[in-house]
C-alpha cells in the first residue's frame, strides 16, 4: 500500500496516467484515434513543441524564462526558406540545400539566444522583459522580410522526410528524440545540468561555489534559441515553406509543456521527462479534440485547465510534504 | 615572527563617495581563530567580500603566505584555498547534500564521458559523507535534498563543506545565526577542530559569547576602521561591547 501511495506522489507517474486516460477517452469517443496515422500526426505536432520546451526547461530551471522561442521559430524558418529558395533556383542538390537551411535556422536561433543573453547579463534586464523584447522584434522581422506571405519554392524533398516510417515517427522526429535524450542526460547526469539547478535554486550559493553564472546563463539562452531554430526548420520541412506565422504563440505551448511536466516556474526543480510527457499531453489533446469533433477553439480552454491542474497538484504536494 | 598565513595591508573600499573600508590591515596565522566584530555598517561584510574575492578593494594589498595576491573572482580565492561561508545563503536547497558539498568541484566520470562533464554521482555521495564525518558532522544520507534538512543540519552541511574544502583559510560569516544553543555549540566545536587542522579561521558574529569562547584574537571594526586588534584574553563581554559601540576608546 505504501508503495502505491509513493507512486502517486511521483509526478511522472501521474503524467503518464493522465496521458493514458486521455488516449482511452479519445479512443472510446472515436476509435479512429487509436491508429498509427493519428499517432504520426501527434508525433509531428509534438516534435517542434518539445524542441522549444526542452530549451525552456533549462531556462526555467535556471530561474529565468524565454518568451522569444515562438518568434525564433518563425524567423529562423524564414531565413532558412530564403536561402533554400535561392539555392533551389541555382539547382543545388536538395539534400545539401536542406542541410544548409538547417544550419541557417540554427544560426538564427543562436543569434537570438545571444541577444537574449546580452540583454540579461550585460544590460541587466530581467529575462521576462528581455525575451519579450526579442519576441516582438523577431516576429516583426518575420512580417517585414516576407510582407506577410509564406516563402516557398524550396527543395521539394522536404515532404518526403515528413513521412512516418518507424511506427509514428518520421526522420526529423527521430532526430528530435535523439536531441531530447541527449539534453535530458546533460540535465540530469552532467555538470551542465547540475550548475543549472544550482543557479535556479540559489544563485548566490552557485556564485560562491565559483560557478560562472553569467557564462552558464548565456549557454542556456543560446541553447533555447538553437533548439527553437531547429523547430523553425522542422516546420519548414512539414509545410514546404517558411511562414511568418510559424511558431505563433509557441512560447505558450513550450511554457505549458514545461509547467504541466512539473517544473516549477520558481526555478531549481523539474525533470526533462516531465517536459517530454507534458508536450505529448498538449499535442494529444489538440489532435484528440479535433477527432472527437470538438470545435478547435476549445483547445485553448483545455490547455488552460491542464496548466491550472498541474500547478494545483504541485502546490498540493508541497503542502503534504510539510 | 612567522609569516602570516593571510594578510591584508591598508585596504580601502569606496562606493562612490562612501568609504566602506578605511585603511584596514589584518593578519591571520595558521591554526588561529580570529573574531571579526563590529556594529551593523562597520564594514564587516565589505571586508569579508574583499577577503573572499567577491569584491575588489579600491586600494591596498593582500598576501597569502607572504605572497602578494589579488582575486578577480571568488573562484580565484577558492582555488588558492580560501573558503567562505556566506551569511544564510551557502547552499542550494533543491540540490542534494553531496551535490552541495561538491558544487563547483564535481568529480566527473573517467574517460570521454567525464570530459563531457558527466558526473560520478555515487563516488561523490560516498565522499561527501566521509568528508562531512571527518569534520565532525553526521548527516543522515548525502543523496537527500537539502530542503528536507532542519535549519541546524543545513548550517552544519554548509560549514562542513567549507571546512572540508579549505586548505588554508576559512571565513565564516554569522555561522551561528538562527541556531539553537546546542546546534550553535556544535558549530563552535567544528571551528575548534578546523583550528586543530591548522586552518586559519575568520569568525564573524554578533553573538559575543560565541566570539569570546572560540577565538584567539579579536578584531573590532567601527565605521570602516580597525579600532581594536588584541588577544581574546584581554577582552571581557563588557569591554568588547564597549569597543564595538565606541563607548570605550582604544587605538
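Residue numbers (my numbering), protein chains in the order written: chain A, 1 to 322; chain B, 323 to 573. Positions of the beta carbon are idealized from the N, C-alpha and C atoms, including for glycine. Predicted model only: the values in this text are computed from it and were never measured.
- Name, please, each residue of chain A whose Cβ falls closer than 8 angstroms to the Cβ of residue 415(B). Using a Cβ-Cβ cut-off of 8 angstroms, residue 415(B) is close to 201, 202, 268 of chain A, given in chain order.
- Item | Amino acids of chain B, ordered along the chain, whose beta-carbon sits closer than 8 angstroms to that of residue 33(A) | Residues of chain B passing the Cβ test: none, with the nearest at roughly 39 angstroms.
- Item | Chain-ordered neighbours of residue 209(A) on chain B, where CB pairs are closer than 7 angstroms | Among the residues of chain B, those whose CB is under 7 angstroms from the CB of residue 209(A) are 425, 426, following chain order.
- Task: For residue 522(B), write down the residues that DSSP places opposite it in a beta bridge.
- Result: For residue 522(B), which the question treats as bridged, DSSP gives the partners 491(B).
- Name the residue from 33(A), 14(A), 22(A), 57(A) whose alpha carbon lies nearest to the alpha carbon of residue 266(A). When 33(A), 14(A), 22(A), 57(A) are compared, the shortest CA-CA separation from residue 266(A) is found for 57(A).
- Task: Using beta-carbon positions only, say whether residue 52(A) and residue 231(A) come within less than 7 angstroms of one another.
- Result: Closer than 7 angstroms, so yes.
- Message: Taking the beta carbon of residue 359(B) as the centre, do at least 16 other beta carbons fall within 10 Å, making it buried, or is it exposed?
- Response: By the 10 Å Cβ count, residue 359(B) comes out buried.
- Message: What would DSSP say about residue 324(B), mapped onto helix, strand or coil?
- Response: Coil at residue 324(B), not helix or strand.
- Item | As assigned by DSSP and simplified to three states, the class of residue 265(A) | Reduced to three states, the DSSP call for residue 265(A) is coil.
- Message: What does DSSP give as the partner residue(s) for residue 343(B) in the beta ladder?
- Response: DSSP, once it has assigned bridges, lists 335(B) as partnering residue 343(B).
- Got a sec: is the Cβ-Cβ distance from residue 322(A) to anything in chain B below 7 angstroms? Unreliable placement is indicated for residue 322(A), whose pLDDT of 43 sits below 50; the coordinate value is still reported in the next sentence. Not one chain B Cβ lies under 7 angstroms of residue 322(A).
- Task: Run the CB neighbour count on residue 328(B), radius 10 Å, all protein chains shown included, and call it buried at 16 or more, exposed below.
- Result: By the 10 Å Cβ count, residue 328(B) comes out buried.
- Query: How would you list, in chain order, the residues of chain A whose beta-carbon sits under 7 angstroms from the beta-carbon of residue 397(B)?
  - Reply: Counting only Cβ-Cβ distances below 7 angstroms, residue 397(B) has contacts in chain A at 210, in chain order.
- Under 8 angstroms by beta carbon: chain A residues contacting residue 441(B): 189, 190, 191, 194, listed in chain order.
- Message: Less than 7 angstroms between the C-beta atoms of residue 454(B) and residue 482(B), yes or no?
- Response: Contact flag set, yes.
- Item | CA-to-CA distance, residue 383(B) to residue 531(B), given in whole angstroms | Cα-Cα distance, rounded: 32 angstroms.
- Say whether the stretch 395–414 of chain B touches the stretch 171–191 of chain A, bearing in mind that this needs 3 or more beta-carbon pairs closer than 8 angstroms, one atom from each stretch. The stretch 395–414 of chain B vs the stretch 171–191 of chain A: no contact.
- Which of the three DSSP states, helix, strand or coil, is assigned to residue 384(B)? Strand.
- In chain C, which residues lie less than 9 angstroms from residue 369(B) when you measure between Cβ atoms? Reference to chain C is not applicable here, since the protein chains of this structure are A and B.
- Once you ignore the five residues that flank residue 394(B) on each side, which residues in its own chain have a CB closer than 8 angstroms to its CB? Correct list, in chain order: 375, 378.
- Message: Contact criterion: CB-CB distance below 7 angstroms. Does residue 198(A) meet it with respect to chain B?
- Response: When Cβ-Cβ separations below 7 angstroms define contact, residue 198(A) makes contact with chain B.
- If the cut is a Cβ gap below 9 angstroms, which residues of chain A does residue 408(B) touch? The answer, in chain order, is 204, 205, 208.
- Message: Going by DSSP in three states, residue 321(A) sits in which element: helix, strand or coil?
- Response: Because the pLDDT at residue 321(A) is just 48, under 50, the model does not fix this residue reliably, and the point stays unresolved.
- Does the distance from the C-beta atom of residue 73(A) to that of residue 228(A) stay below 7 angstroms? Cβ atoms of residue 73(A) and residue 228(A): closer than 7 angstroms.
- Message: If we define contact as Cβ-Cβ less than 7 angstroms, is residue 412(B) a contact residue for chain A?
- Response: Closer than 7 angstroms to some Cβ of chain A, the Cβ of residue 412(B) qualifies, so yes.
- Item | Interface flag, residue 400(B) vs chain A, CB-CB below 7 angstroms | Taking Cβ atoms only, chain A reaches closer than 7 angstroms to residue 400(B), which makes this a yes.
- Query: What does a CB cutoff of less than 6 angstroms around residue 415(B) pick up in its chain, not counting 5 residues either side in sequence?
  - Reply: 468, 469.
- Task: Could you please give me the residues that DSSP links to residue 389(B) through a beta bridge?
- Result: As computed with DSSP, residue 389(B) is found in a beta bridge with 386(B).
- Task: Decide if residue 116(A) is buried, meaning its Cβ has at least 16 other Cβ atoms within 10 Å, or exposed.
- Result: So residue 116(A) counts as buried.
- Quick one: is residue 196(A) buried, meaning 16 or more other Cβ sit within 10 Å of its Cβ, or exposed? With 16 or more other Cβ atoms within 10 Å, it is buried.
- In three-state DSSP terms, what is residue 98(A)? Residue state, collapsed to three classes: helix.
- Query: Given residue 39(A), which residues of its chain have a CB within under 8 angstroms of its CB, disregarding the five upstream and five downstream residues?
  - Reply: Around residue 39(A): 167, 168.
- Roughly how many angstroms lie between the CA atoms of residue 192(A) and residue 371(B), to the nearest whole one? C-alpha separation (whole angstroms): 27 angstroms.
- Task: Please decide whether residue 573(B) counts as near chain A, where near means a Cβ-Cβ distance under 7 angstroms.
- Result: Low per-residue confidence applies at residue 573(B): pLDDT is 48, beneath 50, and the placement is therefore not dependable, though the value from the model is reported in the following sentence. No, because no Cβ of chain A sits closer than 7 angstroms to the Cβ of residue 573(B).
- Message: At the level of alpha carbons, what is the spacing between residue 321(A) and residue 311(A)?
- Response: Residue confidence is low: residue 321(A) scores 48 on pLDDT, short of 50, so the model does not pin down where it sits. Its coordinate-derived value is still stated next. One C-alpha to the other measures close to 16 angstroms.
- Task: For residue 121(A), I'd like the list of residues in its chain whose CB is within less than 8 angstroms of its CB, leaving aside the five on either flank, ordered along the chain.
- Result: So the list reads 214, 217, 218, once near-sequence residues are dropped.
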